[in-house]
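Chains F and R, in that order, are what the protein sequence lines are.
Using the numbering used here, the first residue of the first sequence is number 3, and each one after it goes up by one.
Using the numbering used here, the first residue of the second sequence is number 57, and each one after it goes up by one.
Every residue gets a Cβ at the ideal spot worked out from N, C-alpha and C, and that includes glycine.
These notes are about the structure you will find just below.
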Amino acid sequence: MDRFAHRRGKLVPLPSDALVPERDINSSPILEARHLGIEFGGLKAVDDFNLTIGRTEIAGLIGPNGAGKTTVFNLLTKVYQPTKGTVLIDGIDTHGMNTVQVSKIGVARTFQNIRLFSNLTVEENVKLGMHNQIKYGMFSGILRAPNYWKEEKRAHEKAMELLQIFDMENLANHKAGSLPYGAQRRLEIVRALGTNPGLLLLDEPAAGMNPSETAELMENILKIRDTFKIAIMLIEHDMNLVMGICEGICVLNFGKVIAKGSPEDIQSNPVVIEAYLGKKKEG
Amino acid sequence: MKKFNLKKTTKVDFATYLGVIVTFIVLFVMQNGGMLSYSMSGMLVPICCFIVMAVSLNLTVGILGELSLGHAGFVSVGAFSGIIASQSLIGVIESASLRLAIALVAGAIFAAIAGVLVGIPVLRLRGDYLAIVTLAFGEIIKDLINCLLVGIDSKGLHVLFNAKGLLTVEDLHLEEGGRVIIKGAQGATGIQTISTFTAGFILIMITLVVVLNLTRSRSGRAIMALRDNRIAAESVGINVTKYKLMAFVTSAALAGAAGALYGLNFSAVISSTFNFNISIEILLMVVFGGLGNIWGSVIAAAVIRLLPELLREFNDYRMLFYAIILILVMIATNNPTFKNMLGKLIPKKKGAEIDG
Numbered sequence: 003m004d005r006f007a008h009r010r011g012k013l014v015p016l017p018s019d020a021l022v023p024e025r026d027i028n029s030s031p032i033l034e035a036r037h038l039g040i041e042f043g044g045l046k047a048v049d050d051f052n053l054t055i056g057r058t059e060i061a062g063l064i065g066p067n068g069a070g071k072t073t074v075f076n077l078l079t080k081v082y083q084p085t086k087g088t089v090l091i092d093g094i095d096t097h098g099m100n101t102v103q104v105s106k107i108g109v110a111r112t113f114q115n116i117r118l119f120s121n122l123t124v125e126e127n128v129k130l131g132m133h134n135q136i137k138y139g140m141f142s143g144i145l146r147a148p149n150y151w152k153e154e155k156r157a158h159e160k161a162m163e164l165l166q167i168f169d170m171e172n173l174a175n176h177k178a179g180s181l182p183y184g185a186q187r188r189l190e191i192v193r194a195l196g197t198n199p200g201l202l203l204l205d206e207p208a209a210g211m212n213p214s215e216t217a218e219l220m221e222n223i224l225k226i227r228d229t230f231k232i233a234i235m236l237i238e239h240d241m242n243l244v245m246g247i248c249e250g251i252c253v254l255n256f257g258k259v260i261a262k263g264s265p266e267d268i269q270s271n272p273v274v275i276e277a278y279l280g281k282k283k284e285g
Numbered sequence: 057m058k059k060f061n062l063k064k065t066t067k068v069d070f071a072t073y074l075g076v077i078v079t080f081i082v083l084f085v086m087q088n089g090g091m092l093s094y095s096m097s098g099m100l101v102p103i104c105c106f107i108v109m110a111v112s113l114n115l116t117v118g119i120l121g122e123l124s125l126g127h128a129g130f131v132s133v134g135a136f137s138g139i140i141a142s143q144s145l146i147g148v149i150e151s152a153s154l155r156l157a158i159a160l161v162a163g164a165i166f167a168a169i170a171g172v173l174v175g176i177p178v179l180r181l182r183g184d185y186l187a188i189v190t191l192a193f194g195e196i197i198k199d200l201i202n203c204l205l206v207g208i209d210s211k212g213l214h215v216l217f218n219a220k221g222l223l224t225v226e227d228l229h230l231e232e233g234g235r236v237i238i239k240g241a242q243g244a245t246g247i248q249t250i251s252t253f254t255a256g257f258i259l260i261m262i263t264l265v266v267v268l269n270l271t272r273s274r275s276g277r278a279i280m281a282l283r284d285n286r287i288a289a290e291s292v293g294i295n296v297t298k299y300k301l302m303a304f305v306t307s308a309a310l311a312g313a314a315g316a317l318y319g320l321n322f323s324a325v326i327s328s329t330f331n332f333n334i335s336i337e338i339l340l341m342v343v344f345g346g347l348g349n350i351w352g353s354v355i356a357a358a359v360i361r362l363l364p365e366l367l368r369e370f371n372d373y374r375m376l377f378y379a380i381i382l383i384l385v386m387i388a389t390n391n392p393t394f395k396n397m398l399g400k401l402i403p404k405k406k407g408a409e410i411d412g
């Protein structure tokens with residue numbers, strides 16, 4: 003699975019000890035989470051989570067079931083407000099922001115259980131991703147003013163361009179809910195890209211995919227990173243995918259970070275092996 | 057394939073407009089030629105009003121996906137503000153059609169204001185709770201209008217709020233020659249009936265343009281996105297409150313205009329005309345025509361209004377047949393077996409192949 007090795011950047015430490023790929027060293031990181039934590043009535047779902055992601059890094063977040071991976075995504079996108087710590091997106095403190103505001107400063111996500119607008123067409127789904135880039139108001143829409151036609155045309159072209167990444171242009175007029183499972187997963191990524199993000203969060207993008215689909219997805223994730231020059235953070239259980247394309251990997255267990263580093267470091271880390279497989283019996 | 061499909065929604069929209077226009081022309085000619093019975097031509101304007109009410113409620117229930125049981129409340133606000141506007145302009149503006157237009161706009165504006173006032177707190181609720189609160193709103197509006205005393209004289213509009221029930225029309229202290237417009241629980245009387253079938257047709261067309269164009273635009277997409285998946289809508293940066301309110305207020309404004317047209321069709325209107333049953337009847341039209349289906353609402357509104365009239369010969373059994381027909385149609389349109397049978401009759405066009 004190391005045919006992607008040449009496309010992975012070498013991790014180098016920042017002064018803050020955080021690791022980013024070498025090529026991102028000249029720009030400020032897209033995401034900085036500091037001492038992030040949330041408690042649900044005394045249960046620390048995520049505790050003291052620190053992570054820095056470089057501007058064009060592909061980062062992985064892994065861990066056993068219930069480790070708090072999706073909770074981290076929900077904290078980053080402000081579905082939950084953290085009870086501790088801060089999140090800086092592109093240097094902007096997101097304290098007190100809501101999901102909509104975080105989306106506007108460039109965080110997009112997909113969901114573990116697919117959440118598409120299933121009664122709308124594929125194209126409409128992508129255009130909804132582009133909602134905040136389409137500039138005309140309600141009355142221009144009702145009266146079909148000139149800027150309605152101009153903006154809708156531009157949106158249509160952009161949507162088709164985005165759909166092309168996954169060869170989905172021919173599905174543009176199908177209902178999103180009628181697509182096969184794999185296509186729905188891909189559409190969610192396209193919709194997220196429509197928001198013009200700086201950081202794309204993918205929650206189990208390969209769930210339910212067969213090995214060949216997964217391999218194609220890996221190519222596409224790299225293609226997205228290279229085309230849009232954005233950072234991608236993904237939660238995934240498929241270790242081939244994670245070890246194949248992720249540059250920095252963060253391992254979570256019981257809400258705490260237990261290891262961070264390159265795929266090679268993580269694979270040989272005894273703490274990680276213990277978290278996944280359990281402790282070796284002594285004696 | 058792409059271009060063909062793109063035009064599909066546009067085609068449906070144009071078919072809807074065309075259907076309404078053709079029906080209007082036919083009925084207009086028939087009415088002028090005296091081919092319609094007296095009771096039939098009396099029903100034309102109310103049917104237009106109910107079509108507008110049903111289409112506007114479909115915006116809230118079908119397109120936004122929130123159940124509202126208080127649509128009659130907005131209709132009522134529109135009706136009485138329209139009546140006040142029209143009645144107080146008698147003598148100021150000679151042209152009845154201009155007065156009607158102003159009354160419709162006034163009805164729409166006041167209903168929209170009511171929509172904002174109700175919508176801001178209420179749209180935080182979901183599902184059953186929203187339904188209950190909107191139901192209560194409809195009832196409250198009815199009672200508020202029951203307490204209203206409005207009159208006009210050369211000094212302007214006199215409005216009294218008769219909360220304790222002790223005041224009478226005398227307390228308005230109208231000058232000689234002043235007119236009373238709304239007499240509390242007796243409602244509005246002596247209304248100049250200026251509503252016309254043509255005005256009803258124009259209002260339907262405006263409503264269709266507003267609702268159809270809205271759903272095909274950026275804002276309409278956002279509204280439908282909220283219906284389909286609120287969490288995903290937020291994640292792509294759609295402001296939930298803004299678009300919920302937009303749909304709700306637009307719906308209220310259109311209902312208000314329909315109310316004004318309805319109110320000005322009768323010489324006397326009381327507030328209990330717009331009771332809970334009317335809300336349910338409008339909701340029935342929306343469900344009957346299909347949630348989110350605009351042309352469905354147009355047809356359903358006309359059918360449901362006409363049905364009791366057509367069943368008149370069954371006398372006492374009229375409402376029984378009415379209910380049976382509704383149930384049968386609902387079963388037929390929702391029955392998978394029946395749908396399959398229809399599907400076999402109409403050969404389906406094959407879509408582009410979907411690759412997994």
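Check                                                                                                                                         : Outcome
I106 of chain R, enclosing alpha helix (DSSP H) - first and last residue                                                                      : Note on residue identity: the sequence assigns Phe, not Ile, to residue 106 of chain R. Here the alpha helix (DSSP H) through F106 of chain R covers 94 to 114.
Min CB distance R235 of chain R to chain F below 7 angstroms                                                                                  : no
Min CB distance R339 of chain F to chain R below 7 angstroms                                                                                  : For chain F, the structure presents residues 3 to 285; residue 339 of chain F sits outside this window and is missing.
Proximal residues of chain F, C-beta to C-beta of R274 of chain R below 7 angstroms                                                           : H133, I136, Y138, G143
Proximal chain R residues relative to K282 of chain F, where beta-carbon distance stays under 8 angstroms                                     : Correct list: empty, because the minimum Cβ distance to chain R is about 42 angstroms.
Beta strand (DSSP E) runs contained entirely in the region 233 to 303 of chain R, provided each spans 3 or more residues                      : 235 to 239
Partner residues on chain F for A281 of chain R, Cβ-Cβ distance less than 9 angstroms                                                         : F119, L122, E126, N127, L130, H133
Neighbourhood of P66 of chain F by C-beta distance below 7 angstroms, restricted to the same chain and skipping five residues each side       : N255, A277, Y278
P265 of chain F classed as buried or exposed, judged by whether at least 16 other C-beta atoms fall within 10 angstroms                       : buried
Chain-order list of residues whose beta-carbon lies under 8 angstroms from that of L130 of chain F (same chain, five-residue window excluded) : F119, L122, R193, G196
F51 of chain F: first and last residue of the uninterrupted beta strand (DSSP E) it sits in                                                   : 45 to 55
Short Cβ contact (7 angstroms threshold) for V305 of chain R with V172 of chain R                                                             : yes
Members of the region 290 to 305 of chain R that neighbour chain F once the beta carbon cut-off is set at 7 angstroms                         : E290, S291, V292, G293, I294, N295, M302
Residue-chain proximity (V108 of chain R, chain F), Cβ-Cβ < 7 angstroms                                                                       : no
Three-state class that DSSP yields for K86 of chain F in the structure shown                                                                  : strand
Terminal residues of the beta strand (DSSP E) in which N255 of chain F lies                                                                   : 250 to 255
Local Cβ density within 10 Å of D169 of chain F, reported as buried at 16 or more and exposed below that                                      : exposed
Stretch-stretch touch, CB-based, cutoff 8 angstroms, three pairs: the region 299 to 318 of chain R with the region 209 to 218 of chain F      : no
Contact set between the region 202 to 223 of chain F and chain R, restricted to residues whose Cβ is under 8 angstroms from the partner       : none
Those residues which DSSP pairs with L236 of chain F across a bridge                                                                          : F:G62, F:L204
Residue span of the beta strand (DSSP E) that contains H214 of chain R, given as start and end                                                : 212 to 217
Contacts that R277 of chain R makes with chain F (C-beta to C-beta distance below 8 angstroms)                                                : L122, E126, K129, L130, H133
From R:V385, R:I260, R:R286, residue whose alpha carbon lies closest to that of V111 of chain R                                               : R:I260
Near-chain F residues of the region 249 to 266 of chain R (beta-carbon distance less than 9 angstroms), N- to C-terminal order                : V265, V266
Minimum Cβ-Cβ distance from A164 of chain R to chain F less than 7 angstroms                                                                  : no
Spatial distance of D184 of chain R from L191 of chain R (CA atoms)                                                                           : 10 angstroms
Runs of alpha helix (DSSP H) lying entirely within the region 112 to 170 of chain F, each at least 4 residues, in chain order                 : 124 to 131, 140 to 145, 148 to 167
Any chain F beta carbon closer than 7 angstroms to N114 of chain R                                                                            : no
Interface residues of chain F facing L270 of chain R [CB-CB closer than 9 angstroms]                                                          : M140, G143, I144
F330 of chain R, buried or exposed, once every other Cβ within 10 Å from all chains shown has been counted against 16                         : buried
Backbone secondary structure at E215 of chain F - three-state DSSP                                                                            : helix
Unbroken alpha helix (DSSP H) run spanning V174 of chain R, endpoints                                                                         : 152 to 178
Below-7 angstroms beta-carbon distance, R111 of chain F vs any chain R residue                                                                : yes
Assigned exposure category for P272 of chain F - 16 Cβ within 10 Å defines buried                                                             : exposed
Rounded C-alpha distance that separates I139 of chain R from S328 of chain R                                                                  : 15 angstroms
Minimum Cβ-Cβ distance from A356 of chain R to chain F less than 7 angstroms                                                                  : no
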